[in-house]
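A.B. asks: Supplied in structure tokens, the structure appears directly below.
2 protein chains.
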Amino acid sequence: MPEAATAAAVRATIGDSEFDRDTALTRREPGVYDIDLSAGWTIISAVNGGYLLAVLGRALADALPHADPFTISAHYLTASQPGPAVVRTDVVRSGRSLSTGQASLFQYDDEGREVERIRVLASYGDLDSLPDDVRTTAEAPVIPPMDQCFGPEDGPAPVDGSSAITDRLMLKLDPSTLGWALGAPSGKGEMRAWFGLADGRDHDPLSLLLAVDALPPTAFEIGLSGWVPTVELTVHVRSRPAPGPLRVSITTRNLAGGFLEEDAEVWDGAGRLVAQSRQLARVRL
Amino acid sequence: MPEAATAAAVRATIGDSEFDRDTALTRREPGVYDIDLSAGWTIISAVNGGYLLAVLGRALADALPHADPFTISAHYLTASQPGPAVVRTDVVRSGRSLSTGQASLFQYDDEGREVERIRVLASYGDLDSLPDDVRTTAEAPVIPPMDQCFGPEDGPAPVDGSSAITDRLMLKLDPSTLGWALGAPSGKGEMRAWFGLADGRDHDPLSLLLAVDALPPTAFEIGLSGWVPTVELTVHVRSRPAPGPLRVSITTRNLAGGFLEEDAEVWDGAGRLVAQSRQLARVRL
């Protein structure tokens, strides 16, 4: 079966994939890392906030004694652009089972001065050391089978402008949250999708940081259009994800005063809730 | 009616109350503040995490060009004790409508060296400048009238040890989330209460930071006992609260690997969702 063999051969793996290459950092000195932010993770012309969070998350995984983000909070300060950046990390506390760190990503202005783009605080641990005990009342989102869902490649571009990130994602949106793309938003602040990486790489804690911020804004289904910039995004990684595509469900309940929250849940193929996130974002009314 | 007149006369106000006195800071130099952490906000012997967040929130309100916390994320590093502390703040970015700051609270070890207790990142703005537009699908929690709810004063102490904080709060718990106090936890991770300050002070954005972390742990209703230390707590303040008691609803859906999330919603007397929060906490299984 040469066709299947070829597909298997080109399937990317954790550590050897577009996502890994584009979040790879070069250590300049202890705790300081250089990176060239890829243009491959832009939506319209903005660098995706989840990709940026993964870059900072990878820097902290190197700087801290623990490798897995358990909880990471990011405040987005100024808009990032593709190109050179430096990440500066600080070990706040090293504990036996948890360590806490801080990281900032800077780019350069016309005079070469550093401009801070994002600052994060995070606590890291070892997901594999946790007990297996799960007591959950959370239920996985019900999303139609993938072949009944729709991605950017299935129709005319649902948002203006081209977006490089769509080439790197396997994103299949639940048709019941796609009214906005047909000019008939549901009015409910919900967005659901199957989510993977286009090159077939499986997920790890770092790609979960991307998953929570990669769907179209729930604001589209509320009937708003335009840019919904993130002010703050906090992600809790609750379990190492099983291989295969993820289900991502995002809910907005409260749009008030020009701000909204987006609550994301990420479920893996084994039926585990692997990440929860919440962001505060601005909308133009 | 002399009785009513007396009650009105002793009712504390925003700016002149136990909460304001116990979160008041002395500016040592620009951005650096001294405080004596009050023993009045301890639960068993630990200083309440919401009180500590309010202390840091007040420092940032002074240090930043904006006065209201819109989103504040705290990572709890080591256990705080009543007594002297210093808060060091850093202005990360000053914008027109939002500014971002960082703050850390330190106490002193036996040699007088600073030990960091908590670090926060926060974005501040002006709640009064926001448009009135509200589109929400969130619904206020249904809690029985206050005289059908129960506080620590209504029965034998529900947790071992005395807790000074209960004297400073007006906490009336929904009986349907009080099974744990009678040895019959519901198994559902829910806790709901009417919430106020015992001296009658109305709420402001700073006391909302207290409100989200002042109820008994949801873990009690899941059937767990003991200490549930907060790793990280993020609060979004969405509106300035109206006068009068608040309704606070806390939900835990996913207890896994020795960690759980607590999602809090705070509603004011005018029926507005004034704060949302999520924390990641550890449990002993």
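Quick note, the sequences are listed as chains A and B, same order. Counting with UniProt numbering, you get residues 1 to 285 for the letters of the first sequence. Counting with UniProt numbering, you get residues 1 to 285 for the letters of the second sequence. Glycine included, C-beta positions come from ideal geometry on N, C-alpha and C.
Please report how far the alpha carbon of V92(B) lies from the alpha carbon of L98(B), in whole angstroms.
C.D. replies: So the two alpha carbons sit approximately 11 Å from each other.
A.B. asks: Any beta carbon of chain C sitting closer than 7 Å to that of L280(A)?
C.D. replies: Of the chains in the structure shown, none is chain C; the protein chains are A and B.
A.B. asks: Closest by CA to P245(A), which one among D199(A), S45(A), V283(A) and A256(A)?
C.D. replies: Residue D199(A) is the option with its Cα nearest to P245(A).
A.B. asks: Which bits of chain B does S70(A) rub up against, with CB to CB less than 9 Å?
C.D. replies: For the record, residue 70(A) in the displayed sequence is Phe; it is not Ser. Residues of chain B passing the Cβ test: V231, E232, F259 and L280.
A.B. asks: Alpha carbon to alpha carbon, how far is R278(A) from D16(B)?
C.D. replies: Approximately 34 Å between the Cα atoms of the pair.
A.B. asks: P205(B) by DSSP, collapsed to three states: which one?
C.D. replies: In this structure, P205(B) counts as helix in the three-state DSSP scheme.
A.B. asks: Note down, in chain order, each residue of its chain lying with its Cβ closer than 6 Å to the Cβ of R168(B), except the 5 sequence neighbours on either side.
C.D. replies: Hits under 6 Å: E18, G40 and A198.
A.B. asks: To the nearest angstrom, how far is the alpha carbon of A242(A) from that of D133(A)?
C.D. replies: Approximately 16 Å between the Cα atoms of the pair.
A.B. asks: Give the straight-line distance between the Cα atoms of G271(B) and A256(A), rounded to the nearest whole angstrom.
C.D. replies: Their backbone Cα atoms lie some 13 Å apart in a straight line.
A.B. asks: As a quick exercise: from R96(A), I143(A), T136(A) and K188(A), pick the residue whose alpha carbon is nearest that of G189(B).
C.D. replies: Ranking R96(A), I143(A), T136(A) and K188(A) by Cα distance to G189(B) puts T136(A) first.
A.B. asks: Anything in chain B within Cβ reach of H236(A), meaning under 7 Å, just list it in chain order.
C.D. replies: What H236(A) touches in chain B: E261 and L280.
A.B. asks: Quick one: which chain B residues come within Cβ less than 9 Å of K172(A)?
C.D. replies: Those do not exist, as K172(A) stays about 25 Å from chain B at its closest Cβ, beyond 9 Å.
A.B. asks: With the cut-off set at 7 Å, would you say A193(B) and L224(B) are in Cβ contact?
C.D. replies: Contact: no.
A.B. asks: Run through DSSP, which three-state label would I118(B) get?
C.D. replies: Three-state DSSP puts I118(B) in a strand.
A.B. asks: May I ask you to list, following chain order, the residues of the segment 189-208 of chain B that have a beta carbon less than 9 Å from some beta carbon of chain A?
C.D. replies: Listed by position along the chain: G189.
A.B. asks: Using CA atoms only, rank isn't needed, just tell me which of Q102(B), G101(B), T100(B) and R117(B) is closest to Y108(B).
C.D. replies: Ranking Q102(B), G101(B), T100(B) and R117(B) by Cα distance to Y108(B) puts R117(B) first.
A.B. asks: Let me check understanding here. Comparing Cα to Cα, which of V55(B), A79(B) and V120(B) lies closest to A103(B)?
C.D. replies: For A103(B), the nearest C-alpha among the options comes from V120(B).
A.B. asks: Report, in whole angstroms, the separation of the C-beta atoms of T23(B) and L206(B), which I expect to be a contact under 8 Å.
C.D. replies: Yes, they are in contact, since the Cβ atoms of T23(B) and L206(B) sit about 7 Å apart, within 8 Å.
A.B. asks: Please classify R11(A) as buried or exposed, where buried requires at least 16 neighbouring CB atoms within 10 angstroms.
C.D. replies: Exposed, by the Cβ-count rule.
A.B. asks: Going by DSSP, what residue range makes up the beta strand (DSSP E) through R278(A)?
C.D. replies: Unbroken beta strand (DSSP E) run through R278(A): L273 to R282.
A.B. asks: Scan the segment 6-46 of chain B and note each continuous alpha helix (DSSP H) run of 4 residues or more that stays entirely inside, going in chain order.
C.D. replies: For the segment 6-46 of chain B, whole alpha helix (DSSP H) runs of length 4 or above, ordered along the chain, are 18-22.
A.B. asks: Work out the CA separation of G269(A) and H203(B) for me, nearest whole Å.
C.D. replies: If you take the alpha carbons of H203(B) and G269(A), they lie about 44 Å apart.
A.B. asks: Under three-state DSSP, which class holds E3(A)?
C.D. replies: Reliability of the predicted coordinates at E3(A) is poor, the pLDDT of 46 falling under 50, and the value obtained from them is presented with this limitation in mind. Three-state DSSP puts E3(A) in a helix.
A.B. asks: Leaving out five residues on either side along the sequence, give the residues of the same chain with a beta carbon under 6 Å from the beta carbon of A7(B).
C.D. replies: Residue placement at A7(B) cannot be trusted, given a pLDDT of 49 that sits under 50; what the coordinates show is reported in the next sentence. Nothing listed; no residue qualifies.
A.B. asks: Is it the case that the CB of F220(B) approaches a heavy atom of the ligand GDP more closely than 6 Å?
C.D. replies: As far as ligands go, the structure on display features none, and thus does not contain the ligand GDP.
A.B. asks: For Q148(B), which of helix, strand or coil comes out of DSSP?
C.D. replies: Of the three classes helix, strand and coil, the one that applies to Q148(B) here is helix, per DSSP.
A.B. asks: Under 7 Å, Cβ to Cβ, is there at least one residue of chain A near S73(B)?
C.D. replies: Yes, S73(B) lies at the interface with chain A (some Cβ there is under 7 Å from its Cβ).
A.B. asks: Chain B partners of I222(A), CB-CB under 7 Å?
C.D. replies: Result: R135.
A.B. asks: Measure the alpha-carbon distance for S186(B) versus T177(B) and round it to whole angstroms.
C.D. replies: If you take the alpha carbons of S186(B) and T177(B), they lie about 7 Å apart.
A.B. asks: Can you have a look at D34(A) and say buried or exposed, based on whether 16 or more other CB atoms are within 10 angstroms of its CB?
C.D. replies: Its Cβ having fewer than 16 others within 10 Å, D34(A) is exposed.
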